[in-house]
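*Asks:* If you're matching them up, the sequences are chains V and Z in order. Okay, so the first sequence: first residue is 1 according to the UniProt record's numbering, each after it adds one. Okay, so the second sequence: first residue is 1 according to the UniProt record's numbering, each after it adds one.
There are 2 protein chains.
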Amino acid sequence: MSAATTSTRPGGRSARVRAAVHRAVEEFLADNPAEGLTLPLIATRAGVHPTTLYRRWGSVADLMADVASSRFSGDIVVPDTGSLREDLRRWASDVATDLADPDTLAVIRASIGSSAEGGCACTADRHDQLTAMLDRERARGGAAPETPHAADMLLGPLYYRAIFTDEPADPGWTGQLVDTLLK
Amino acid sequence: MSAATTSTRPGGRSARVRAAVHRAVEEFLADNPAEGLTLPLIATRAGVHPTTLYRRWGSVADLMADVASSRFSGDIVVPDTGSLREDLRRWASDVATDLADPDTLAVIRASIGSSAEGGCACTADRHDQLTAMLDRERARGGAAPETPHAADMLLGPLYYRAIFTDEPADPGWTGQLVDTLLK
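#1: Going along the chain, which residues of the region 159-173 of chain V sit with their C-beta nearer than 8 Å to a C-beta in chain Z?
#2: At a CB-CB cut-off below 9 Å, which residues of chain Z make contact with Ala43 (chain V)?
#3: Give me the chain Z residues within the contact set of Ala110 (chain V), using Cβ-Cβ distance strictly less than 7 Å, ordered along the chain.
#4: Is it the case that the Cβ atoms of residue 215 (chain V) and Phe164 (chain Z) are separated by a distance below 8 Å?
#5: Can you tell me where the alpha helix (DSSP H) with residue 190 (chain V) in it begins and where it stops?
#6: Rounding to the nearest angstrom, what Cα-Cα distance links Arg13 (chain Z) and Trp57 (chain Z) in this structure?
#7: Would you kindly work out how many angstroms separate the C-alpha atoms of Ser111 (chain Z) and Ala150 (chain Z), rounded to a whole number?
#8: Should Leu155 (chain Z) and Thr180 (chain Z) be called a contact, given that it needs their Cβ atoms to be closer than 8 Å?
#9: Do Glu137 (chain V) and Leu84 (chain V) have their CB atoms nearer than 8 Å?
#10: Between which two residues does the alpha helix (DSSP H) containing Pro50 (chain V) stretch?
#11: Express the C-alpha separation of Val48 (chain V) and Gly82 (chain V) in angstroms, rounding to a whole number.
#12: Just verifying my parser: in three-state terms, what is the DSSP assignment at Ser7 (chain V)?
#13: Looking at the unbroken alpha helix (DSSP H) that takes in Pro148 (chain Z), where does it start and where does it end?
#14: Whose C-beta lies closer than 7 Å to the C-beta of Arg16 (chain Z) among residues of the same chain, with five residues either side of it excluded?
#15: Looking at the secondary structure, which residues open and close the alpha helix (DSSP H) in which Glu86 (chain Z) lies?
#16: Please report the distance separating the alpha-carbon of Thr174 (chain Z) from that of Ser93 (chain Z).
#17: So Leu29 (chain V) and Val78 (chain V) are supposed to be a Cβ contact under 8 Å. How far apart are they, rounded?
#18: Please name the residue in V:Gln129, V:Met153 and V:Gly172 whose C-alpha comes closest to that of Lys183 (chain V).
#19: What residues in its chain sit with their C-beta under 6 Å from that of Pro171 (chain V), if we drop five residues either side in the sequence?
#20: Can you find a C-beta in chain V that's less than 8 Å from the C-beta of Ala157 (chain Z)?
#21: Could you check whether the Cβ of Asp98 (chain V) sits closer than 8 Å to any Cβ belonging to chain Z?
#22: Kindly list, in the order they appear in chain V, the residues whose Cβ is closer than 8 Å to that of Asp152 (chain Z).
#23: What whole-angstrom Cβ distance do Thr38 (chain V) and Val60 (chain V) have, given they're in contact under 8 Å?
#24: How is Pro40 (chain Z) classed by DSSP in three states: helix, strand or coil?
#25: Give the straight-line distance between the Cα atoms of Thr131 (chain V) and Ala139 (chain V), rounded to the nearest whole angstrom.
#26: Return helix, strand or coil for Gly113 (chain Z), following the three-state DSSP convention.
#27: Which of the three DSSP states is assigned to Ser59 (chain V) in this structure?
#28: Assign Ala124 (chain Z) to one of three DSSP states: helix, strand, or coil.
#29: Among V:Arg18, V:Arg90, V:Thr44 and V:Ala43, whose alpha-carbon lies nearest the alpha-carbon of Ala68 (chain V)?
#30: Excluding the 5 residues flanking His127 (chain V) on each side, which residues of the same chain have their C-beta closer than 8 Å to its C-beta?
#31: So, Leu53 (chain Z) versus Ala43 (chain Z), is the Cβ gap smaller than 8 Å?
#32: What would DSSP say about Met1 (chain V), mapped onto helix, strand or coil?
#33: Suppose the cutoff is 8 Å on Cβ atoms and the five residues either side in sequence are ignored; what does the same chain contact list for Val178 (chain Z) look like?
#34: Using a Cβ-Cβ cut-off of 8 Å (strictly less than) and excluding sequence neighbours within five positions of Leu134 (chain V), which residues of its own chain qualify?
#35: Taking 7 Å as the limit between beta carbons, can you name the residues of its chain near Asp80 (chain Z), skipping five residues before and five after?
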């Protein structure tokens, strides 16, 4: 399998390789801590030549960023109940449920662990969803906090509990986070 | 170097090996993302036989938990100004300063990335410090929030910003976190 052959193949095969590699990463993480994840191991599991992975993603960090942004894009629907408080309550509860899934956490941990600095593709979509709800409230004439403050008060505790503690994140607790933000 | 020889050596040499290995981990992380960290690489850098590391720590996860708990123990002094608000403001600012250090973040990232599940040794000391300030306020007759809520409102945003965003954490912002918690 030469570089020229695969790099000029369009669409279908490329998408299939990406799907196989993403699935291999998620399966690997379900069985192992992130520390053992290497491109050759993922290549073997995905049935793809290691060169393909190195050429396409370059590093575990780049591959994990791709897996994370794909995994967390459009996975949670932004609620639209007509009430900002109710929207945020439902959304925060959905985020908490997602974060309680060990497979979700494994992708987040691996993505954090492999990135050398700044940011994580895990939460870009969460910020967009939050902004959408806050903007909608303002559009119908209501008052709404700015996104960075809302992220501090909602995403901060949600991700902190999931990653650093063993404390549960039940709907009663996520509802209180929303009430603290909006009071 | 046989297992029997080193495992029965007490005190001095054992502490020196531990210090050398911890230093090697921190130097490695300053140069590389966590993904490349393996026990053999750390052994080489520390000038220690790999077997010693496998016997003592067993895995990268266990080694990183040891490095993290050592790194974050007693590194921040709990302020005692006589005012809970002022104590929390100084402490939150100190935590933010610590989290702005790339070497600190590298240890946290590696510790998260290598742990398969639940918790992280990075923040145990932070919880104890927070509890100490809140308990002291109650002991002198004041009202103070419970530690889990205070952790949600302070450690949540502090660690979330450091790990997931590129947003700065200046003393004005950390002061607002304290004011939101105590209002």
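All C-beta atoms, glycine included, are put in the ideal place defined by N, C-alpha and C.
*Replies:* Result, derived from the coordinates:
#1: Result list: Tyr159, Tyr160, Arg161, Ile163, Phe164, Thr165, Asp166 and Glu167.
#2: From the beta-carbon of Ala43 (chain V), no residue of chain Z is found nearer than 9 Å; the closest lies around 15 Å away.
#3: Residues of chain Z passing the Cβ test: Gly113.
#4: Outside the displayed span of chain V (1 to 183) sits residue 215 (chain V), for which this structure offers no information.
#5: With chain V represented from 1 up to 183, any question about residue 190 (chain V) goes unanswered, as that position is not in the structure.
#6: One C-alpha to the other measures close to 16 Å.
#7: Roughly 23 Å separates the two Cα atoms.
#8: Between Leu155 (chain Z) and Thr180 (chain Z), the CB-CB gap reaches or exceeds 8 Å.
#9: Yes. Within cutoff.
#10: Pro50 (chain V) -> alpha helix (DSSP H) spans Pro50 to Arg56.
#11: If I take the Cα positions, the gap works out to 48 Å.
#12: Per-residue confidence for Ser7 (chain V) stands at a pLDDT of 45, beneath the threshold of 50, marking its modelled position as unreliable; the derived number appears in the next sentence. Correct three-state label for Ser7 (chain V): helix.
#13: Residues Thr147 to Ala150.
#14: Within the same chain, Arg16 (chain Z) has no close Cβ partners at all.
#15: Element bounds for Glu86 (chain Z): Leu84 to Leu99.
#16: So the alpha carbons of these two residues sit roughly 6 Å apart.
#17: About 27 Å; that fails the 8 Å criterion.
#18: Out of V:Gln129, V:Met153 and V:Gly172, V:Met153 has the C-alpha closest to the C-alpha of Lys183 (chain V).
#19: Contacts found: Ser93.
#20: Checking the displayed sequence, the identity of residue 157 (chain Z) turns out to be Pro instead of Ala. In terms of beta-carbon proximity, Pro157 (chain Z) lines the interface with chain V, with at least one pair separated by less than 8 Å.
#21: So no, Asp98 (chain V) is outside the interface.
#22: Below the 8 Å Cβ cutoff, chain V contributes Gly156, Pro157, Tyr160, Arg161 and Leu177 as neighbours of Asp152 (chain Z), in chain order.
#23: Correct: roughly 7 Å between the Cβ atoms.
#24: The answer is helix: DSSP assigns Pro40 (chain Z) an H, G or I state.
#25: Annotation: Thr131 (chain V) to Ala139 (chain V) spans about 12 Å, alpha carbon to alpha carbon.
#26: Note: Gly113 (chain Z) maps to helix in three-state DSSP.
#27: The three-state reading of DSSP puts Ser59 (chain V) in coil, since its state is none of H, G, I, E or B.
#28: It is helical.
#29: Nearest option by C-alpha distance: V:Arg18.
#30: Short of 8 Å from the beta carbon of His127 (chain V), and not among the five residues preceding or following it, lie these beta carbons of its own chain, in chain order: Thr147, Ala151 and Leu155.
#31: In this structure, Ala43 (chain Z) lies closer than 8 Å to Leu53 (chain Z) by Cβ.
#32: Any reading at Met1 (chain V) must be qualified, since the residue scores a pLDDT of 38, below 50, and its modelled position is unreliable; no value is offered.
#33: Once the five neighbours on either side are set aside, the close Cβ partners of Val178 (chain Z) are Arg85, Leu88, Arg89, Ala92 and Leu154.
#34: Excluding sequence neighbours, Leu134 (chain V) sits near Leu84, Ala144, Pro145, Glu146, Thr147 and Ala150.
#35: Around Asp80 (chain Z): Asp87.
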